[in-house]
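J.: In our numbering, the protein residues as written are 17 to 482.
Each residue gets a CB set at the ideal place from its N, CA and C atoms; glycine is no exception.
Dumping the structure here so I can ask a few things about it.
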Amino acid sequence: MSEQLTYLIQSLDHNEYSYEPEVVSNHSIDWRKNFKGNASIVIFPKSVEKLVNVIKKCNEKKISVIPQGGNTSLVGGSVPLENSKKFQAIINFKKLNKIINFDPNSFSIQIESGCVLEDIQNFLSKKNFCFPLSIGSRGNCQIGGNIASHAGGTNVIKYGTLRSNILGLEAVMADGSFFSSMKNVRKDNTGYDLKQLLIGSEGTLGLITAANIRVFPKPLETRVVFGTFSNIEDLLNFYSKIRVNYHDLLTSFELINSEAMELVIEKNNKKRILKKSNFYCLIELSNFTYNVDFFGQIEDFFFKSIKNTEDFIFSKSYEENKQLWDYRELIPIAETKVEFCINHDISIPLDKIGSFIRKTEKEVSLIDECFRIINFGHIGDNNLHYNIFSADKKKNKKLKQKQSTLNKIIFENVNDHGGTFSAEHGVGQLRIEELKRYKTSFEVEQMRKIKKIFDPKNILNPKKLF
Ligand SMILES: Cc1cc2nc3c(=O)[nH]c(=O)nc-3n(C[C@H](O)[C@H](O)[C@H](O)COP(=O)(O)OP(=O)(O)OC[C@H]3O[C@@H](n4cnc5c(N)ncnc54)[C@H](O)[C@@H]3O)c2cc1C
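Have a look at this one:
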């Protein structure tokens, strides 16, 4: 056993670490299997004190620390580097998973960072509350990972971003010092808000150990409407209409294009439940006050507002809600069944989405007519997942060769349309070049300076973001 390994595990219990090659290897590969690193150990600290102890040792010996939650990052943020010359230790938070305090009177919950998102949702649901974050990876991802990657998901349209719902935060910093700003107040105007720097820092500034987060009353009933649109403009106009009519009863508005829908039907053996169309939207409306005929009112509104050429389905139960949501949530799973797919997670101002889609599609098809575009996303939040695969498997080699050309087309168009190259997945290892290209040099320089202040020895998630 190496000297560093012996030193690191000295104060840990046997069930707080593993250097078994199989265990380490499982934690060293990302969800999409695009990034595989070579760490020497995975540590599962059971308490903040144990974590502090380990981080102090890592800082002293300049050991690279890879913070890891549920390892569902789609940008290679949560796995070690492939060719690092440094000793790399993964710190996985799954054993720091207590619900510390739920306060229904102040609508907040204090949780340790290793709590799995779905467990928090289920805990709150039983108490008639809901958590303001919902993402497809909810069964695996942890709240610490959600905060560090500033996850978005399907409910931002209703509850706002995770950042806007975090009241307090605790973290262990690179030198082992403990940062605590575990407030339970809505207003705190006391100078620089350091916790904001940790939110979205992707494990490069500190290790998040706990948070205090706002919660909301659970809707009394929720209805899902799934429908077709022949063009994106009609879909976006309908979005405006529904937003005006239902404002904060609208809890999700998701877009799915025809390629995404066909993929889900084919790869996940789903039934075709709507007539074939260019675009589909999945709308979730929630009733928070006792409203006698919420469902009847929704049907009335839709029948008055949509063209009779469109096809719409209305859920009638919680079970049917889930069945309709499946068509949206199974898209990332369907994509993993395609031999090769290039993924992008972008944001475009709503009024420019139509122009972006048309221009980019034309430019992609000029490279090869077999290249197909999967569009889906949280369109109410301007967020579009823009992924490319080849309809002809023989063209996969060409698709790989053209990857950087295609990325350039997409990101230049995103930039020209006033959008961003990463809407919710973050930067990780995947989007380092784009960060340098599309952020101003002032921003990049200041980010580097902040990193140096928080982590002068560069031990926390090195070579992620920059
Ligand atoms: C099927 C599927 C659907 C998804 N849908 C969405 C979606 O709708 N919206 C969305 O935003 N994302 C989505 N994602 C991406 C991913 O689930 C989110 O980014 C999620 O927030 C990551 O959480 P995690 O616990 O898995 O973190 P990890 O993947 O383990 O880590 C993510 C980043 O956070 C850092 N980190 C983890 N824990 C800590 C900690 N305690 N302290 C400091 N740093 C830490 C890691 O180093 C890494 O940089 C999806 C992923 C999958 C596989």
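1) From which residue to which residue does the alpha helix (DSSP H) around Ile-215 run?
2) Figure out for me which residue from Glu-65, Glu-275, Cys-297 has the closest Cα to the Cα of Ser-193.
3) Report back the beta-carbon spacing between Phe-437 and Tyr-454 to the nearest angstrom; my notes put them in contact at under 8 Å.
4) Span of the beta strand (DSSP E) holding Gln-126?
5) How many Å lie between Ile-59 and Leu-213 at the Cα?
6) DSSP has Asn-181 in a bridge; who is on the other side?
7) Do you know whose CA, among Gly-85, Pro-348, Asn-99, lies nearest Asn-162's CA?
8) Pick out whichever of Asp-384, Phe-295, Asp-408, Ser-56 has its Cα sitting closest to the Cα of Glu-38.
9) For ligand 1, I want to know if Glu-275 counts as a neighbour, meaning its beta carbon is within less than 8 Å of at least one of the ligand's heavy atoms.
10) For a test of your reading of the model: does the CB of Gln-158 fall under 8 Å from any non-hydrogen atom of ligand 1? Yes or no.
11) Quick check: is any heavy atom of ligand 1 less than 8 Å from the C-beta of Gln-313?
12) Tell me the rounded alpha-carbon separation between Met-170 and Met-17.
13) Just to confirm my understanding: we take Asn-403, look at its own chain, exclude 5 residues before and 5 after, and list those with CB closer than 6 Å. What are they?
14) Would you please state the rounded distance, in angstroms, between the beta carbons of Leu-210 and Ser-196? I believe it to be under 8 Å.
15) Thinking C-alpha only, which one of Gly-243, Leu-21, Phe-304, Lys-257 is nearest Pro-233?
16) If we ignore side chains and look at the alpha-carbon of each, how far apart do Leu-24 and Lys-410 end up?
17) Around the C-beta of Lys-78, are 16 or more other C-beta atoms found within 10 angstroms, so that it is buried, or is it exposed?
18) Answer yes or no: do Gly-1 and Phe-242 have a C-beta to C-beta separation smaller than 9 Å?
19) Under 9 Å, do Ile-182 and Ala-226 count as touching if we go by C-beta distance?
20) Compare the Cα-Cα distances from Phe-328 to each of Glu-335, Asp-361, Arg-288 and report the closest residue.
21) Within its chain, find whatever has a CB closer than 8 Å to the CB of Pro-235; leave out the 5 residues flanking it on each side and keep chain order.
22) Going along the chain, which residues of its own chain have a beta-carbon closer than 8 Å to the beta-carbon of Asn-177, five neighbours each way excluded?
23) Would you call Lys-467 buried or exposed, if buried means 16 or more other Cβ atoms sit within 10 Å of its Cβ?
24) Could you tell me the alpha carbon to alpha carbon distance between Pro-365 and Ser-27, rounded to whole angstroms?
25) Where Glu-385 and Ile-258 are concerned, what is the direct C-alpha to C-alpha distance, given to the nearest angstrom?
26) Could you have a look at Cys-357 and say whether DSSP puts it in helix, strand or coil?
27) Between the alpha carbons of Pro-96 and Lys-52, how many angstroms are there, rounded?
28) Which of the three DSSP states, helix, strand or coil, is assigned to Thr-88?
29) What alpha helix (DSSP H) runs, 4 residues minimum, are completely inside the segment 37 to 114?
30) Any heavy atom of ligand 1 within a distance shorter than 8 Å of the CB on Thr-376?
31) Between which two residues does the alpha helix (DSSP H) carrying Asn-138 extend?
32) Does the beta-carbon of Thr-238 have 16 or more other beta-carbons within 10 angstroms, so that it is buried, or is it exposed?
33) Based on Cα-Cα distance, which residue from Ser-94, Leu-271, Ile-369 lies nearest to Trp-341?
34) What's the gap between the Cα of Ile-299 and the Cα of Val-380?
35) Confirm the yes/no value for this check: CB of Leu-223, any heavy atom of ligand 1, distance under 8 Å.
36) When burial is assigned at 16 or more other CB atoms within 10 Å of the CB, is Phe-295 buried or exposed?
T.: Walking through what the data contain:
1) Looking at the DSSP string, Ile-215 is not in any alpha helix (DSSP H), and its letter there is neither H nor E.
2) Glu-65
3) That belief holds up - the Cβ atoms of Phe-437 and Tyr-454 are roughly 5 Å apart, short of 8 Å.
4) 124 to 128
5) 25 Å
6) In DSSP, Asn-181 forms no bridge with anything.
7) With distances taken between Cα atoms, Asn-162 lies closest to Gly-85.
8) Ser-56
9) no
10) yes
11) No, the beta carbon of Gln-313 sits no closer than 8 Å to any heavy atom of ligand 1.
12) As written in the sequence, residue 170 is Thr, which differs from the Met given in the question. Each residue's CA atom was taken as its position, placing Thr-170 and Met-17 some 46 Å apart.
13) Listed in chain order, the non-local C-beta contacts of Asn-403 below 6 Å within the same chain comprise Cys-357, Asn-359, Ile-390, local neighbours out to five positions each way being set aside.
14) Wrong, their Cβ atoms sit about 11 Å apart, outside the cutoff.
15) Phe-304
16) 49 Å
17) exposed
18) Examination of residue 1 is not possible in this model, given that the chain is present from 17 through 482 alone.
19) no
20) When only C-alpha atoms are compared, the closest one is Arg-288.
21) Cys-146, Thr-267, Ser-302, Asn-303, Phe-304
22) In the sequence under discussion, the amino acid at residue 177 is Thr, which differs from the Asn named in the question. His-166, Gly-168.
23) Residue burial annotation: Lys-467 is buried, with at least 16 other C-beta atoms found within 10 angstroms of its C-beta.
24) Near 51 Å, if we compare the C-alpha coordinates of Ser-27 and Pro-365.
25) Distance from the CA atom of Glu-385 to the CA atom of Ile-258, rounded to whole angstroms, is 36 Å.
26) strand
27) 7 Å
28) Note: Thr-88 maps to coil in three-state DSSP.
29) 37 to 42, 64 to 77
30) no
31) 133 to 142
32) buried
33) Leu-271
34) 29 Å
35) yes
36) buried
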